[in-house]
Structures are given as C-alpha cells and as structure tokens.
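Visitor: Quick one: this structure, given as structure tokens, is what I'll be asking you about.
Number of protein chains: 2
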Amino acid sequence: MTVDLQKIKKKLANNNYKMTSQRKAILEKIIENQGSHLSAEEIYEQVKKDDSNIGLATIYRTLELLCDLGIIHKLNFDDKCRRYELDKEDEHHHHLICFECGEITEFNDDILEDFEEDIKEEHSFEVIDHRIKFYGYCQVCQ
Amino acid sequence: MTVDLQKIKKKLANNNYKMTSQRKAILEKIIENQGSHLSAEEIYEQVKKDDSNIGLATIYRTLELLCDLGIIHKLNFDDKCRRYELDKEDEHHHHLICFECGEITEFNDDILEDFEEDIKEEHSFEVIDHRIKFYGYCQVCQ
DNA sequence: TTGACAATGAGAATCTTTTTCGATACAATT
DNA sequence: AATTGTATCGAAAAAGATTCTCATTGTCAA
Numbered sequence: 097m098t099v100d101l102q103k104i105k106k107k108l109a110n111n112n113y114k115m116t117s118q119r120k121a122i123l124e125k126i127i128e129n130q131g132s133h134l135s136a137e138e139i140y141e142q143v144k145k146d147d148s149n150i151g152l153a154t155i156y157r158t159l160e161l162l163c164d165l166g167i168i169h170k171l172n173f174d175d176k177c178r179r180y181e182l183d184k185e186d187e188h189h190h191h192l193i194c195f196e197c198g199e200i201t202e203f204n205d206d207i208l209e210d211f212e213e214d215i216k217e218e219h220s221f222e223v224i225d226h227r228i229k230f231y232g233y234c235q236v237c238q
Numbered sequence: 097m098t099v100d101l102q103k104i105k106k107k108l109a110n111n112n113y114k115m116t117s118q119r120k121a122i123l124e125k126i127i128e129n130q131g132s133h134l135s136a137e138e139i140y141e142q143v144k145k146d147d148s149n150i151g152l153a154t155i156y157r158t159l160e161l162l163c164d165l166g167i168i169h170k171l172n173f174d175d176k177c178r179r180y181e182l183d184k185e186d187e188h189h190h191h192l193i194c195f196e197c198g199e200i201t202e203f204n205d206d207i208l209e210d211f212e213e214d215i216k217e218e219h220s221f222e223v224i225d226h227r228i229k230f231y232g233y234c235q236v237c238q
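The structure is reproduced here in structure tokens:
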C-alpha cells in the first residue's frame with residue numbers, strides 16, 4: 097500500500113495533533129478497507145471489534161480531522177450517509193455506480209486534464225480538482 | 097423555457113397521479129428558479145408565500161414523485177441537504193463549485209461521450225449517465 | 001508529580017428526511 | 001345531490017445521520 101502511518105503521524109504532529117490509539121485504529125480500518133468507501137457507522141462497527149469502548153463521536157471527530165488534513169475525503173453517493181476514502185495524491189480515480197445493485201467500483205484515469213484548461217478560458221473558473229460519477233449497469237446487472 | 101406544465105401534467109396522468117394545486121405550485125417554483133438548485137426547505141419557503149398552509153411533508157413527497165417520473169433529479173453537493181433541479185433531456189450540464197464562496201455555476205457540455213465507449217470495453221460497465229463536479233475558484237475568489 | 005491542555009465517551013441536541021394517520025378533495029357512480 | 005372509492009394532504013411523530021456538550025481521562029513537558 098502507498099499509505100504510511102508514520103507519514104500520517106508526522107502530518108498530525110505538524111498540526112499539533114497526536115496519534116492516539118483511537119485515531120490509529122480508525123486509520124487502520126480505513127486503510128484495510130481501501131476501495132470500500134466506508135461510512136462513519138461502518139468504521140465504528142469495525143473499530144469496535146478491537147476497542148469496544150470507542151465512541152461514535154470519536155469516529156466523526158477523527159474523520160473530520162483527517163479530512164481537514166487532506167488524508168481522506170468525503171464522498172457523496174446517493175446513499176443517505178457520507179462515505180470516506182483515502183486521498184491518494186498520486187492517482188485520480190472515479191466511480192462507476194450501478195443503478196441496479198448499487199455496487200460502486202473504482203476506475204483510474206486522468207481524463208479531463210485538458211478540459212480544465214478550456215474551462216479556465218471559457219468560464220474564468222480555475223479548476224483544482226474534479227469528481228466524476230458514471231451511472232449505469234455493472235457486468236452482473238446488464 | 098423548455099419546460100411545459102401541460103406535458104408534466106400528462107406525464108402525471110399517465111402514471112395515475114393528479115396535478116394538484118400543491119404540485120403545481122412546487123413545480124412553478126422549481127421552474128422559476130432554474131439554475132438555483134433549491135433544497136426542499138427552500139422550496140417550502142417559496143411555496144409558503146402563496147399557500148401558507150402547505151406542509152413540508154408534501155414538498156418531500158412531491159419531490160420524490162417528480163424524481164421517480166424523471167422530471168427532476170437530486171443533487172448532492174457537500175451541503176447537508178439534498179438539492180433538486182429540472183431534468184432536461186436535451187442538454188447535459190455539469191457544475192463548477194467554488195471552494196471559497198461555495199457558489200455553484202452550471203456549464204453545458206457533452207464531454208465524455210466517447211469515453212463511455214472505452215469504459216464499456218475496459219470495465220464491462222454500461223454507462224447510462226454521468227455527473228461531473230469541478231472544484232476550484234470562481235472568477236471572484238481567485 | 002503536577003499542571004495544562006488535548007482527546008475521549010456518553011448522551012443530548014440538532015437537522016434533514018420519512019412515516020403514520022386521520023382528515024380532505026375530487027372524480028365517477030348512483 | 002348524495003355516496004363511494006381513492007389519491008392527496010397537513011400535522012405531528014419517528015427515524016437516521018451528524019454535531020455538540022460536558023465531565024472525565026490521557027499525555028507530556030516542566
């Protein structure tokens with residue numbers, strides 16, 4: 097995996113935050129489940145297995161913190177809850193969402209890079225990032 | 097505007113639904129505010145001006161219904177509420193979201209049509225639709 | 001060891017959305 | 001005009017996700 101707890105620990109320290117056991121546990125679960133787009137509740141369940149004493153509020157606080165530091169980011173599928181995934185600066189990926197079974201698969205690519213230029217010119221909008229969701233039918237559901 | 101209440105009325109009728117005064121009022125507000133991505137609450141406020149007796153539940157029920165009929169669709173910005181906009185089959189548009197002021201502008205284009213082909217081949221995923229969000233800084237906030 | 005402060009757990013609070021239920025509107029039928 | 005059946009409605013309760021509060025605990029430097 098390209099994610100390194102030590103680096104994250106430093107990033108926390110640089111911002112005056114500590115790598116506590118709870119934060120570590122949460123991070124580990126997120127890393128273990130890369131590609132799963134876990135929700136706060138799901139992470140809670142996972143972490144609870146090892147530390148049955150952790151509170152849901154801690155999960156939310158930690159996720160918020162990790163978002164602020166750019167370690168993870170929020171995702172909005174058409175779910176009613178927010179989901180989270182690791183932020184990997186080296187790769188850009190998008191999501192394929194099946195109308196039928198709801199499965200979400202990832203798909204790496206750097207499309208639209210050229211396009212961002214055009215938008216700058218036509219709309220005076222400086223694009224920093226973009227997210228694409230493709231909706232349709234997965235292999236199984238076609 | 098390309099939206100026609102008569103057509104919508106027929107669409108409702110075809111599915112055994114009636115064009116009630118409440119539904120009409122809600123639709124009118126959505127049409128009036130094209131491009132505004134109103135939330136349920138905002139639509140409620142608008143409609144309440146004319147019909148102070150309408151219930152919020154009716155707003156939600158109607159929005160749900162209009163989604164099912166493909167007249168509008170839900171949007172998820174990073175807001176905590178869902179927003180809605182008219183579904184215009186003739187045009188595809190995407191959103192430019194400003195990190196700074198949060199303003200959301202629309203932007204028409206048919207990009208990624210070719211791309212959908214490639215995805216079909218590489219991922220066995222049949223793409224029906226896609227949504228793109230571009231994040232960055234708008235003209236004012238740059 | 002102590003003091004200062006960050007972090008935590010538990011539960012209350014908040015906010016959006018959905019559900020329930022009795023009342024109402026309306027069209028078709030008598 | 002009265003009756004019936006059904007869709008729709010408003011109000012309020014309920015549900016579900018997230019945030020806030022606050023007293024307690026953990027950590028680390030002095």
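Chains as they are written, first to last, in the numbering used here: chain A, 97 to 238; chain B, 97 to 238. Glycine included, C-beta positions come from ideal geometry on N, C-alpha and C.
#1: Note down the Cα distance separating residue 189 of chain B from residue 206 of chain B, rounded to an integer number of angstroms.
#2: Quick check: the region 124 to 135 of chain B against the region 157 to 177 of chain B, are at least 3 beta-carbon pairs closer than 8 angstroms?
#3: Taking only the alpha-carbon atoms, compute the straight-line gap between residue 142 of chain B and residue 199 of chain B and give it to the nearest angstrom.
#4: How would you write the range of the alpha helix (DSSP H) that residue 163 of chain A sits in, first residue to last?
#5: Taking the alpha helix (DSSP H) that residue 214 of chain A falls in, what are its first and last residues?
#6: Which residue comes first and which comes last in the alpha helix (DSSP H) that contains residue 223 of chain B?
#7: Do residue 167 of chain B and residue 104 of chain B have their CB atoms nearer than 7 angstroms?
#8: Classify residue 230 of chain B as buried or exposed, calling it buried when 16 or more other Cβ atoms lie within 10 Å of its own Cβ.
#9: Since residue 196 of chain A and residue 233 of chain A are thought to touch, with beta carbons under 8 angstroms apart, how far apart are those beta carbons, to the nearest angstrom?
#10: Starting from the C-beta of residue 146 of chain A, find all residues in its chain whose C-beta is less than 8 angstroms away, skip the five residues before and the five after it, and write them out in chain order.
#11: Please classify residue 224 of chain B: is it buried, with 16 or more other beta-carbons within 10 angstroms of its beta-carbon, or exposed?
#12: What residues from chain B crowd round residue 224 of chain A, counting only those whose CB sits closer than 9 angstroms?
#13: Buried or exposed for residue 135 of chain A, please, with buried defined as at least 16 other CB atoms from any protein chain shown within 10 angstroms of its CB.
#14: Quick check on DSSP: helix, strand or coil for residue 149 of chain B?
#15: For residue 201 of chain A, which beta-bridge partners are listed by DSSP?
#16: Among the residues of its own chain, which have a CB less than 8 angstroms from the CB of residue 114 of chain A, if the five just before and after it don't count?
#17: Quick check on DSSP: helix, strand or coil for residue 124 of chain B?
#18: For chain B, is any of its Cβ atoms less than 7 angstroms away from the one on residue 227 of chain A?
#19: Relative to the C-alpha of residue 203 of chain B, which candidate in A/172, A/221, A/112 and A/144 has its C-alpha closest?
#20: If you reduce the DSSP assignment to three classes, tell me which class residue 114 of chain B lands in.
#21: Beta strand (DSSP E) containing residue 169 of chain B: first to last residue?
#22: Applying the criterion that 16 or more other CB atoms from any shown protein chain within 10 Å of the CB defines a buried residue, is residue 116 of chain B buried or exposed?
#23: Just how far apart, CA to CA, sit residue 228 of chain B and residue 191 of chain B?
#24: Within 7 angstroms of any Cβ in chain B, is that where the Cβ of residue 159 of chain A sits?
#25: So, with DSSP's three-state summary, where would you put residue 178 of chain A?
#26: May I have the straight-line CA-CA distance separating residue 130 of chain B from residue 139 of chain A, to the nearest angstrom?
#27: Give the secondary structure of residue 134 of chain A by DSSP, where H, G and I count as helix, E and B as strand, and everything else as coil.
Guide: Concretely, from the data shown:
#1: 8 angstroms
#2: Taking one beta carbon from each stretch, the region 157 to 177 of chain B and the region 124 to 135 of chain B have 3 or more pairs nearer than 8 angstroms; the two touch.
#3: Looking at the backbone, the Cα of residue 142 of chain B and that of residue 199 of chain B are separated by about 20 angstroms.
#4: In the DSSP assignment, residue 163 of chain A falls within the alpha helix (DSSP H) that extends over 152 to 164.
#5: Its alpha helix (DSSP H) spans residues 209 to 219.
#6: Element bounds for residue 223 of chain B: not the alpha helix (DSSP H) but the beta strand (DSSP E), 222 to 233.
#7: yes
#8: buried
#9: 6 angstroms
#10: 121
#11: exposed
#12: Per Cβ cutoff of 9 angstroms: 195, 230, 231, 232 and 233.
#13: Residue 135 of chain A should be labelled buried.
#14: coil
#15: A/192
#16: 108
#17: helix
#18: The beta-carbon of residue 227 of chain A is placed less than 7 angstroms from the nearest beta-carbon of chain B.
#19: A/221
#20: Annotated three-state conformation of residue 114 of chain B is coil, per DSSP.
#21: 168 to 171
#22: exposed
#23: 7 angstroms
#24: no
#25: coil
#26: 39 angstroms
#27: coil
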